[in-house]
Amino acid sequence: VEPKPDPNHVPLPEPRTVRLVRRPKPRAPLAKGDEFTICGEDARWRLEPQSSARFSVSFASRTVGRSQRTLSFEVSGVPDQSFALPCVGTCAVPTINDDPRNVFMARVKNRPKTHVLSKRFVTSENAYEF
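Quick note: the sequence shown uses our numbering, first residue 330, plus one each step.
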């Protein structure tokens, strides 16, 4: 049988400070989509009051059309405090300009009856004369 320690001779532990933090509320499920990404290695910042952080958002889509997403940023330690950054991106297929005014620099409105044209686009016939 062990003897009980004497309360007058038991050393007290060193004092320490403990911070109690509430468990955060459950988040809503995130929207599915990977078109918008924050560039850089860190997606988490620690900012001092009245300071800012610069970052870039890249857009890459596999489908043609317009995409909209909202990037949300939270402030840790502050309940229900989030900031929304709306992002809009458009993905289009490259097209060739087929306007004769931009494609053919040498143009004439009508074919002259007196001589043969060479290397000219005839606008009235919508044809190129070699």
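Backbone N, C-alpha and C fix where the C-beta goes; we use that ideal spot for every residue, glycine too.
Take the alpha-carbon of D409 and the one of V432: they are about 57 Å apart. P415 sits in a strand when the DSSP states are folded into three classes. Taken in chain order, the complete beta strand (DSSP E) segments of 3 or more residues contained in the segment 341-413 are 365-367, 386-388 and 394-403. Ranked by how close their Cα comes to the Cα of S390, the residues R383, C420 and P332 have C420 in first place. Counting of Cβ neighbours within 10 angstroms places F365 among the buried residues, the total reaching 16 or more. Among the bridge pairs identified by DSSP, R440 is matched with none.
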